[in-house]
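These protein sequences, in sequence, are chains A and B.
So that you can map any letter, position 11 of the first sequence is 247 in our numbering, and since no number is skipped, the others follow by simple counting.
So that you can map any letter, position 5 of the second sequence is 44 in our numbering, and since no number is skipped, the others follow by simple counting.
Worksheet for the structure shown next.
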Amino acid sequence: MPEDDAEEQKPGRISRAVHAAAGPAVRGQERLAAHPPPGPFRPGFWRSPIRGPWLTAVFGLVLLFGITTLMVTGLLSYAAYDPDVDPVNDLTPDKGILGFYLFDWPTRPYWLYRLLQGVHVTLGIVLVPVLLAKLWSVIPKLFTWPPARSAAQALERLSLLLLVGGVIFEFVTGIMNIQLWYAFPGSFYRLHLYGAWVFIGAFVAHVILKTPRMLSALRSRSLRAELRTDTAHTVPEPPDPDGLVAADPAAPTMSRRGALALVGTGSLVLLATTAGQSIGGAWRETALLAPRGREPGSGPNGFQINKTAAYVGITPEQIGPAWRLRLSGGPAEQTLSREDLLAMPLSTHALPIACVEGWSTDDQDWTGVPLLRLAELAGVPRPSAVLVQSVQTGGPFTATVLAGNQVRDLRSLLALRVNGADLSADHGYPARVIVPAAPGVHNTKWVGRLTFRT
Amino acid sequence: MARFRRWYGASPLHLLALAGCFALAAYAAIRLFDYEPLRVAIWFVGAAVVHDLVLYPLYSVGDRTTQEAASAVSRGPAAPGVNYVRFPACLSLLLLLVWLPEILRVVVDTFDRSTGLDGSIFLPRWLLITACLFAASAGVWGLRNLRRLRRRQHRL
Ligand code: HEM
């Protein structure tokens with residue numbers, strides 16, 4: 237496009253003449269500005285007639301609330317591991333001050349973790365089209381030329397790398413994790429937690445710096461009017477200082493209403509094909525594409541299994557008649573068979589399994605011995621914590637420490653039966669822990685030893 | 040103040056917010072990069088690069104091709120029906136993007152053996168949903184054209 241080039245150079249020539257007396261640095265910058273590399277660095281490259289501050293601000297507003305919710309639910313999910321209660325629970329021992337807000341995870345309401353992590357994962361998935369739309373709407377800024385006109389702009393662009401890299405990193409690791417694709421380097425917890433903090437700093441700075449601009453852009457057009465405007469009547473926004481509006485807009489092929497409808501429908505389709513795995517009941521079957529949209533079986537033990545006995549290498553001998561529960565921490569170690577446990581006074585409580593991957597089960601009727609009764613039997617009537625160890629060898633979460641408030645809650649059971657039947661091997665036979673409001677990974681299966689602490 | 044602005048290019052609040060951002064990011068990044076730093080860096084920067092320089096160009100070229108094909112078919116400049124293809128195609132690709140590992144069975148063994156579920160259902164389900172999306176779009180298009188036709192007949 238030789239004509240284009242000639243035209244774009246004209247203002248450069250004029251200003252060069254005007255500033256001929258200015259220093260060489262200024263002249264160098266002007267020359268740089270006047271000669272953008274070809275392609276996306278040229279303003280004429282970006283031609284969408286609906287790209288502009290208003291549309292960007294609408295997506296930005298949705299993400300402001302949505303990502304803030306993801307941040308809060310994610311950081312609470314981290315607290316749910318009780319990493320400060322014992323090093324065994326702490327998957328990120330080098331967290332330093334990033335654990336400043338940790339507290340003993342409550343046991344009420346019993347569906348707390350189910351709600352929290354269901355929201356975190358489902359909302360994350362639902363926000364994917366909004367995030368893609370937001371990135372689409374600002375992508376010309378990536379190719380701003382010259383790269384920076386001031387120190388302020390250079391720093392801000394660096395923070396945008398943390399913002400955009402961080403948000404995509406969090407989405408990608410989260411979405412891979414719930415589909416059990418652990419291809420990322422090292423542990424998901426480290427990556428997703430520290431990645432979140434890198435992102436959070438950039439996000440807060442971005443919100444502080446951009447909120448006034450977002451509000452003024454939102455006020456610049458009426459949402460109601462946009463929702464009544466079809467493609468034929470769609471006109472570009474007036475030229476803006478941010479350079480989002482196309483310098484040479486193409487004829488519209490989609491209205492702003494159409495773009496919002498496309499993104500909104502994308503979110504709705506994702507919601508409809510995902511949420512059922514966390515809502516449960518008859519809704520589960522509607523989660524057509526989510527990992528846990530079907531029950532693995534039928535009958536009392538037919539509900540979702542995190543990891544099967546076969547997968548984690550549980551052998552029939554480990555959980556056969558020779559299995560014994562050892563209680564320690566008191567004056568003398570106690571050894572109990574499953575029959576001994578069944579002979580104790582049993583309680584039944586309806587509690588869900590809520591996985592860190594966002595899916596959960598409906599309330600199941602668990603029957604077993606309250607952990608507090610076992611503590612008394614062990615000779616530790618007022619336990620401050622309990623170390624739960626599985627007979628499973630190797631793999632994460634084979635040992636967990638439950639905090640004092642969890643042990644002392646009478647609904648926290650060493651469960652032997654579920655929904656009126658013996659536990660299946662996949663659900664932790666001969667005995668498993670179930671604690672209200674705790675993340676699924678703390679409901680240890682195939683328990684071999686409980687060590688109570690005073 | 041004015042001198043600061045001239046030197047820095049924005050208000051002191053701007054510098055303060057960014058300094059806070061970088062301090063927190065550096066504190067977290069030291070921990071993030073503690074293990075396999077090179078691969079973590081590739082994932083962090085790669086995430087943005089793959090989006091901006093691969094995913095974005097791919098879908099914009101795909102979109103432009105669709106529009107050109109549609110205007111070639113209608114022999115006009117802008118094809119009014121093109122959005123009835125764009126909508127279901129975008130939605131289907133969005134579902135594929137989010138559920139790619141499942142649909143393409145990236146972790147066949149892990150998924151099936153650890154969950155006790157059959158992971159082979161996701162590809163046929165996605166194809167079926169895609170077919171339904173295109174069918175629904177065609178249905179809406181047909182209905183709207185029918186209504187327009189009726190209105191025109193009414194006027195005649
Ligand atoms: C900006 C976006 C996000 C932020 C700031 C964020 C933040 C967090 C944080 C701080 C945690 C706790 C980390 C830990 O336990 O080690 C967490 C957990 C989690 N997040 Fe996210 N997250 C985001 C997006 C997503 C998305 C899009 C998904 C997937 C759909 C997702 C899936 C998960 C999962 C599965 C966990 C549980 C990990 C676990 O504790 O085992 N996250 N998130």
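Where a beta carbon is used, it is the ideal one built from N, C-alpha and C, also for glycine.
Small disclaimer: the values here were computed from a predicted structure and weren't measured.
Inset, instruction - Just the chain B side, please: which residues come within less than 7 Å of residue 559 of chain A by C-beta, in chain order? - result: Chain B residues near residue 559 of chain A: none, gap ~22 Å exceeds 7 Å.
Inset, instruction - Kindly examine the ligand HEM and report whether one of its heavy atoms sits closer than 7 Å to the Cβ of residue 406 of chain A. - result: Flag set: Cβ of residue 406 of chain A near the ligand HEM.
Legend entry - Buried or exposed (CB count within 10 angstroms, at least 16 for buried), residue 107 of chain B: It counts as exposed.
Inset, instruction - Go through its chain and collect everything with a Cβ distance to residue 580 of chain A's Cβ below 7 Å, but skip five positions before and after it. - result: Excluding positions up to five away in sequence, the list reads 605, 609.
Legend entry - is_contact[residue 248 of chain A, chain B] using C-beta, thresh 8 Å: For residue 248 of chain A, the predicted model reports a pLDDT of 37, less than 50, meaning its position is unreliable; a value from the coordinates is still stated below. No - not a single Cβ of chain B is within 8 Å of the one on residue 248 of chain A.
Inset, instruction - Determine which residues of the region 117-145 of chain B have a Cβ less than 7 Å from any Cβ of chain A, and write them out in chain order. - result: When CB distances to chain A are screened at a threshold of 7 Å, the residues of the region 117-145 of chain B falling below it are 117, 121, 122, 126, 129, 130, 133, 134, 137, 138, 140, 141, 145, in chain order.
Inset, instruction - Hey, could you find the ends of the beta strand (DSSP E) residue 602 of chain A is sitting in? - result: Note, residue 602 of chain A: beta strand (DSSP E), 600-606.
Inset, instruction - Answer with yes or no whether the minimum CB distance from residue 392 of chain A to chain B is below 8 Å. - result: With 8 Å as the cut-off, residue 392 of chain A counts as an interface residue toward chain B.
Legend entry - Alpha-carbon spacing of residue 681 of chain A relative to residue 146 of chain B, whole angstroms: Here the C-alpha atom of residue 681 of chain A lies approximately 24 Å from the C-alpha atom of residue 146 of chain B.
Inset, instruction - Would you please state the rounded distance, in angstroms, between the beta carbons of residue 712 of chain A and residue 667 of chain A? I believe it to be under 8 Å. - result: Residue 712 of chain A is absent from the structure shown; chain A starts at 237 and stops at 690.
Legend entry - Minimum Cβ-Cβ distance from residue 255 of chain A to chain B less than 8 Å: Caution applies to residue 255 of chain A, whose pLDDT of 43 falls short of 50 and renders its modelled position unreliable; the model cannot decide the point.
Inset, instruction - Please name the residue, chosen from A/498, A/443, A/505, A/538, that lies closest to residue 517 of chain A on a Cα-to-Cα basis. - result: Comparing Cα-Cα distances from residue 517 of chain A to each of A/498, A/443, A/505, A/538, the minimum goes to A/538.
Legend entry - Under 8 Å between C-beta atoms of residue 438 of chain A and residue 395 of chain A: Yes, the pair counts as a contact, with Cβ atoms nearer than the cut-off.
Legend entry - Three-state secondary structure assigned by DSSP to residue 170 of chain B: Helix, per DSSP.
Inset, instruction - Could you tell me which chain A residues have their CB closer than 7 Å to the CB of residue 180 of chain B, listed as they occur along the chain? - result: Close to residue 180 of chain B, with beta-carbon spacing below 7 Å, lies no residue of chain A; the smallest spacing is near 14 Å.
Inset, instruction - List the residues of chain B that residue 334 of chain A touches, going by C-beta distances under 7 Å, in chain order. - result: Neighbours of residue 334 of chain A on chain B, chain order: 67.
Legend entry - Sub-8 Å separation of residue 491 of chain A and residue 465 of chain A beta-carbons: Cβ distance < 8 Å, so residue 491 of chain A and residue 465 of chain A count as in contact.
Inset, instruction - Could you have a look at residue 423 of chain A and say whether DSSP puts it in helix, strand or coil? - result: DSSP places residue 423 of chain A in coil when its eight states are reduced to three.
Inset, instruction - Report whether the distance from the Cβ of residue 615 of chain A to the nearest heavy atom of the ligand HEM is below 7 Å. - result: No, the Cβ of residue 615 of chain A stays beyond 7 Å of every heavy atom of the ligand HEM.
Inset, instruction - Report yes or no: do the region 332-346 of chain A and the region 669-689 of chain A share at least 3 C-beta pairs separated by less than 8 Å? - result: These segments touch.
Inset, instruction - Find the nearest neighbour of residue 306 of chain A within the set A/594, A/510, A/324, judged by alpha-carbon distance. - result: Ranking the options by Cα distance to residue 306 of chain A, first place goes to A/594.
Inset, instruction - Check whether the region 320-339 of chain A touches the region 61-69 of chain B, taking contact to mean three or more Cβ pairs, one atom from each stretch, closer than 8 Å. - result: Counting Cβ pairs under 8 Å, three or more are found: they touch.
Inset, instruction - Anything in chain A within Cβ reach of residue 150 of chain B, meaning under 7 Å, just list it in chain order. - result: Within 7 Å Cβ-Cβ: 416.
Inset, instruction - Please determine, among A/525, A/561, A/602, the residue with the shortest C-alpha to C-alpha distance to residue 131 of chain B. - result: Taking only the C-alpha atoms, the option nearest residue 131 of chain B is A/525.
Inset, instruction - Anything in the region 297-314 of chain A with a Cβ closer than 8 Å to a Cβ of chain B? List those residues in chain order, please. - result: Result list empty, no residue passes.
Inset, instruction - Determine, using beta carbons only, whether residue 171 of chain B comes closer than 8 Å to chain A. - result: Not one chain A Cβ lies under 8 Å of residue 171 of chain B.
Inset, instruction - May I ask whether a heavy atom of the ligand HEM can be found less than 7 Å away from the beta carbon of residue 683 of chain A? - result: Set against 7 Å, the gap from the CB of residue 683 of chain A to the closest heavy atom of the ligand HEM is not smaller.
Legend entry - Under 8 Å between C-beta atoms of residue 279 of chain B and residue 177 of chain B: Residue 279 of chain B is absent from the model: chain B starts at 40 and stops at 195.
Inset, instruction - Using alpha carbons as the reference points, say which of A/480, A/468, A/543, A/469 lies closest to residue 416 of chain A. - result: Selected option, being the one with the closest Cα: A/543.
Legend entry - Neighbouring residues, chain A, relative to residue 79 of chain B (Cβ below 8 Å): The CB of residue 79 of chain B comes closer than 8 Å to the CB of 421, 422, 427 in chain A, given here in chain order.
Legend entry - Any non-hydrogen atom of the ligand HEM within 7 Å of residue 678 of chain A CB: Flag unset: Cβ of residue 678 of chain A not near the ligand HEM.
Inset, instruction - Report yes or no: is there a C-beta of chain A within less than 8 Å of the C-beta of residue 97 of chain B? - result: Residue contact check for residue 97 of chain B against chain A: no CB pair falls below 8 Å.
Legend entry - Beta carbon proximity, residue 90 of chain B to chain A, threshold 8 Å: It does; some Cβ of chain A falls within 8 Å.
Legend entry - the ligand HEM heavy atom lying under 7 Å from the CB of residue 128 of chain B: Because no heavy atom of the ligand HEM lies under 7 Å away, the Cβ of residue 128 of chain B does not count as near it: no.
Inset, instruction - Hey, could you find the ends of the beta strand (DSSP E) residue 621 of chain A is sitting in? - result: Where residue 621 of chain A is concerned, the enclosing beta strand (DSSP E) starts and stops at 621-626.
Inset, instruction - Report the residues of the region 476-491 of chain A with a CB closer than 7 Å to any CB of chain B, ordered along the chain. - result: For the region 476-491 of chain A, which is checked against every Cβ of chain B, the residues closer than 7 Å are 487, 489, 490.
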